[in-house]
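**Student:** In the numbering used here, the protein residues as written are 26 to 468.
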């Protein structure tokens, strides 16, 4: 009996050892396989006829002072004249920028400038506080403090956006869809805001961007493999809006921002976010807090007797709310009301409201403005083996996928397609050789 038990123990132990070795071997193959893919992307696809496109991202604003450091030689120039003001030769040394009445103070020196331009030579990383960023920076003197603008190439920008907007663990088709959508949105905003101080904010006002610190290798792969891909409609860059969860139907853009009605942003039915987070939500809002928010917007009321739904659009979202107050009936636009109460309470305008003593109970579907791609819906589609193109066709019907430099710079799409096909063929050959080297050795 003892010998039999000992034999079984040794057998089980050996199986565990062999299983562990197999797992280690598979992990090594997996790592080398994708390392080879990354090597190929960097050394071959970088040679595409790619035209850089820079955008300006406001990463912070209203700062009385900001600490900056870098890993290479940091040059500080006057943003208007271009004259060199300061060179920081010691990598890692922190310098402090602060706003003064007469200009901008750099450490102990005040420069009579309203814009400072920060750049590295050679290229490297600039740290704003403790956050690492690619690209260059402008520090602009504003009415409320210093505005910090990151000037970064679009592909480098996306490396810090995609893993912040969706999980880097999502299926690759969903990650690629997010990369294309975020690229399209960023480019469209840059073209619209040429005469503004910046193109995008680094938060949910535009799309979340956390610089180099946020980068994840799967998101980097999604950005690389969609390099330059943007959504277009009628030969124009599509402002590819997106949101977290639509709750069953995306929204017509004319209902939200009053922009021109176009088919890719006119709203579609979505069945793929039904079992996802934020599809269904409920919350309650205290009446006194609601009154404070309304009075801050100039409504000047003391009490609310009742809140009801005024009207809904085709997607089921509230167009306006009716508020019975001590000053009479007040009609408030749905978006305005949600912003007053707070988006963390009213996550979507696809909502119902019930009145209770001292508070109001809201329940609804979805999270966000509802225009464009439903991120959780894209995730649901990717679990059903939908590819990137299929996902984008569903949420932006009628839109096409083109190269950024083809739309902006007049390059021929056909030439880029041929280059991409040739690159993919070389890539497949490298991978086949790595996994099945014997047929190549036998030749």
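We put the beta carbon where it would ideally sit given N, CA and C, even for glycine.
#1: Taking the alpha carbon of residue 138 as the reference point, which residue from 210, 432, 128 has its own alpha carbon closest?
#2: Run the CB neighbour count on residue 165, radius 10 Å, all protein chains shown included, and call it buried at 16 or more, exposed below.
#3: Is residue 66 helix, strand or coil when you go by DSSP?
#4: Please classify residue 41 as buried or exposed, where buried requires at least 16 other C-beta atoms within 10 Å of its C-beta.
#5: Find out if the Cβ-Cβ distance for the pair residue 190, residue 248 is shorter than 8 angstroms.
#6: Looking at the unbroken alpha helix (DSSP H) that takes in residue 337, where does it start and where does it end?
#7: Excluding sequence positions up to five away, which residues of its chain have a Cβ less than 7 angstroms from the Cβ of residue 295?
#8: Would the region 256-266 and the region 235-244 be scored as touching if the rule is three or more Cβ pairs under 8 angstroms?
#9: Taking only runs that begin and end inside the region 109-136, name each unbroken beta strand (DSSP E) of 3 or more residues, in chain order.
#10: Looking only at its own chain, which residues have a Cβ that is under 7 angstroms from the Cβ of residue 101, when we skip the five neighbours before and after it?
#11: DSSP has residue 399 in a bridge; who is on the other side?
#12: Can you check whether the CB of residue 345 is closer than 8 angstroms to the CB of residue 359?
#13: Do residue 389 and residue 312 come within 8 angstroms of each other at the CB atom, strictly closer than that value?
#14: Rounded to whole angstroms, what's the CA-CA distance from residue 314 to residue 77? Just pull it up for me.
#15: So, with DSSP's three-state summary, where would you put residue 10?
#16: Residue 251: buried (16+ other C-beta within 10 angstroms of its C-beta) or exposed?
#17: Can you check whether the CB of residue 82 is closer than 8 angstroms to the CB of residue 177?
#18: Excluding five sequence neighbours on each side, which residues of the same chain lie with their C-beta closer than 7 angstroms to the C-beta of residue 183?
#19: By the three-class DSSP mapping on this structure, what secondary structure does residue 356 have?
#20: What residue does the beta strand (DSSP E) around residue 200 start on, and which one ends it?
#21: Hey, which unbroken runs of the alpha helix (DSSP H) at 4 residues or more fall wholly within the region 282-335?
#22: Residues in its own chain within less than 6 angstroms of residue 66 by CB, not counting five upstream and five downstream?
#23: Where do the ends of the alpha helix (DSSP H) carrying residue 229 lie?
#24: Grab me the residues of residue 118's own chain with a C-beta within less than 7 angstroms of its C-beta, minus the 5 sequence neighbours each way, in chain order.
#25: For residue 169, which of helix, strand or coil comes out of DSSP?
#26: Can you list, in chain order, the residues of its chain whose CB lies under 7 angstroms from that of residue 337, leaving out five sequence neighbours each side?
#27: Looking at the secondary structure, which residues open and close the alpha helix (DSSP H) in which residue 183 lies?
#28: Under the assumption that residue 172 contacts residue 86 (Cβ atoms under 8 angstroms), give the Cβ distance between them as a whole number of angstroms.
#29: Helix, strand or coil: how does DSSP classify residue 193 here?
#30: Which one or two residues does DSSP pair with residue 78 in a beta bridge?
#31: Can you list, in chain order, the residues of its chain with a C-beta nearer than 7 angstroms to that of residue 438? Leave out the 5 residues immediately preceding and following it.
#32: Near residue 269, which residues of its chain fall below 7 angstroms by C-beta distance, leaving aside the five closest residues on each side in sequence?
#33: Which of the three DSSP states, helix, strand or coil, is assigned to residue 222?
#34: Given residue 407, which residues of its chain have a CB within under 6 angstroms of its CB, disregarding the five upstream and five downstream residues?
#35: What span of residues does the beta strand (DSSP E) with residue 240 cover, start to end?
#36: Leaving out five residues before and five after residue 372 in sequence, what residues of the same chain have Cβ atoms less than 6 angstroms from its Cβ?
**Tutor:** To lay it out plainly:
#1: 128
#2: buried
#3: Because residue 66 sits at a pLDDT of 43, beneath the cut-off of 50, its placement in the model cannot be relied upon, and the point is left open.
#4: exposed
#5: no
#6: Element bounds for residue 337: not the alpha helix (DSSP H) but the beta strand (DSSP E), 329-337.
#7: 271, 273, 274, 275, 399, 402
#8: no
#9: 109-113, 120-125, 128-131, 134-136
#10: 110, 111, 131, 141, 143
#11: 268
#12: yes
#13: no
#14: 48 angstroms
#15: Any question about residue 10 goes unanswered here, given that the chain covers just 26 to 468.
#16: buried
#17: yes
#18: 204, 207, 208, 248
#19: strand
#20: Looking at the DSSP string, residue 200 is not in any beta strand (DSSP E); the run it does join, the alpha helix (DSSP H), is 197-217.
#21: 312-321
#22: Confidence at residue 66 is low in this model, with a pLDDT of 43, below 50, so its placement is unreliable and the value that follows should be read with caution. These residues qualify, in order along the chain: 249.
#23: Careful: residue 229 lies outside any alpha helix (DSSP H) and carries neither H nor E.
#24: 94
#25: coil
#26: 343, 344
#27: 179-184
#28: 5 angstroms
#29: coil
#30: Answer is none; residue 78 lacks a bridge partner.
#31: Since pLDDT at residue 438 reaches only 47, below the 50 mark, its modelled position is unreliable, and no value is offered.
#32: 303, 392, 393, 400, 401
#33: coil
#34: 196, 198, 199
#35: Unbroken run through residue 240: none, as it is neither H nor E.
#36: 306, 392
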